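**Student:** For reference, the structure I am asking about is given below.
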Amino acid sequence: MKQASPTLPLLRPFLKWPGGKFRLVKTLQSYLPEVSCLVEPFVGAGALFLNSAYSQMILNDINADLINLYRQLQTGSEKFIADAKKMFVSRNNQPKAYYRWRDIFNQSCDPMERSLLFLYLNRHGYNGLCRYNAKGGFNVPFGDYSRPYFPQKELEAFTEHSQKAIFHCQDYTTLLNQFLKSAKLNHMVFYCDPPYAPLTHTANFTGYAQQRFTLEDQKKLAKIAKSLARKGATVIISNHDTPFTREIYRGAKLQQLEVSRTISCQGKTRRKVTEIIACY
Ligand SMILES: C[S@@+](CC[C@H](N)C(=O)[O-])C[C@H]1O[C@@H](n2cnc3c(N)ncnc32)[C@H](O)[C@@H]1O
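First residue of the sequence shown: 5, per our numbering; consecutive thereafter.
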């Protein structure tokens, strides 16, 4: 079965995540075939996986803090959720406290402590951004929200849904090249939601992890997608709709999305951008 439950409301990710695809879930679901295994090489906050029901789900992201948090939740969610909730109090919603917890996070090597603080930082930091400096330090400023939401029911839903998932933390090429070794991939669907290709030379936010996602990466992903499809897999890629993405996805079935979002460009102006889905 490809959809978790067509009649129930959609499950929302518990993280705020740049480029999150919650608003596209219904559209993406219409591309999902009835197969047994879903692979997401760029899972992020997991909007699609949360609203799919495959007997096998392989979820990957290069962001080690993200995958560590998912693994903590998968194995010990009740205590994790209770401990995380204790962080969401008014005394922690002040710049001084935020920057102190951010320092503690940046110095911590303890997986449990890092995962609790990662969730706290995601909801108390500016705009849910996830950005690291060259030394790997999380450097998002304080968000200054009046009362950050504690996503209790979203965390519980994630835990329940993630029981069947296998999490990986690798570069997408390492993950996808492993599948290319198989002779047939008819039972698999790959949903690839890479960091957006830039709309202009300057508008290129790709700072989810320390590494940057280059134009070469975008091309390499399109090439791997073709190879996976040749072995029988369904491959879906979402991205900005630009001459560059149209060129690299040539040969795939393309859908320009009616949904558009506004982005900041050149200081204070905002403009609409369109996105495409490429299906191999
Ligand atoms: C657009 S977001 C995915 C959003 C996700 N679909 C959602 O709904 O939340 C892109 C993700 O790719 C991850 N990423 C960036 N470079 C990567 C790489 N080389 N390999 C694997 N994941 C990468 C980022 O950490 C980020 O979570």
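Ideal Cβ placement from N, Cα and C applies to all residues, glycine included.
All values reported here derive from a predicted model rather than from experimental measurement.
Measuring only from the beta carbon, is Tyr149 closer than 7 Å to any heavy atom that is part of ligand 1?
**Tutor:** Outside the cutoff, so no.
**Student:** What do you reckon, is the C-beta of Asn67 under 7 Å from a heavy atom of ligand 1?
**Tutor:** yes
**Student:** Any idea if Leu123 is buried or exposed, counting beta-carbon neighbours within 10 angstroms, 16 or more meaning buried?
**Tutor:** Buried, by the Cβ-count rule.
**Student:** Measuring alpha carbon to alpha carbon, tell me which residue in Lys257, Asn243, Leu219 and Phe146 is nearest Ala233.
**Tutor:** The residue with the shortest Cα to Cα distance from Ala233 is Lys257.
**Student:** Say whether the stretch 83-93 touches the stretch 118-132, bearing in mind that this needs 3 or more beta-carbon pairs closer than 8 Å, one atom from each stretch.
**Tutor:** With a cut-off of 8 Å, the stretch 118-132 and the stretch 83-93 count as touching, because enough Cβ pairs lie within range.
**Student:** What do you reckon, are the CB atoms on Asp197 and Phe46 nearer than 8 Å?
**Tutor:** yes
**Student:** Please go through the same chain and pick out, in chain order, the residues whose beta-carbon is closer than 6 Å to the beta-carbon of Ser59, but skip the five residues on each side of it.
**Tutor:** Ser40
**Student:** Given 8 Å as the limit, is there contact between the stretch 140-154 and the stretch 178-188, that is, 3 or more CB pairs closer than that?
**Tutor:** no
**Student:** Just to confirm, are Tyr176 and Asn243 a CB contact at a threshold of 8 Å?
**Tutor:** no
**Student:** Hey, Gly132 and Lys20: beta-carbon distance below 8 Å or not?
**Tutor:** Judged by beta-carbon spacing, Lys20 lies within the 8 Å limit of Gly132, meaning their Cβ atoms are closer than that value.
**Student:** Going by the beta-carbon positions, is the gap between Ser166 and Tyr284 smaller than 8 Å?
**Tutor:** no
**Student:** Judging by CA-CA distance, which residue of Asn55, Gly23, Lys157 and Pro22 is the nearest neighbour of Ser34?
**Tutor:** Asn55
**Student:** At the level of alpha carbons, what is the spacing between Ile228 and Leu77?
**Tutor:** 31 Å
**Student:** Shortest alpha-carbon distance to Asn67 belongs to which of Ser81, Leu159 and Arg118?
**Tutor:** Arg118
**Student:** Alpha carbon to alpha carbon, how far is Gly129 from Ala101? Give it in angstroms, no decimals.
**Tutor:** 12 Å
**Student:** Could you tell me if the beta carbon of Pro45 falls within a distance shorter than 7 Å of some heavy atom in ligand 1?
**Tutor:** yes
**Student:** With distances taken from CA atoms, which of Arg216, Lys235 and Ile240 is nearest Ala226?
**Tutor:** Ile240
**Student:** May I ask whether a heavy atom of ligand 1 can be found less than 7 Å away from the beta carbon of Pro17?
**Tutor:** yes
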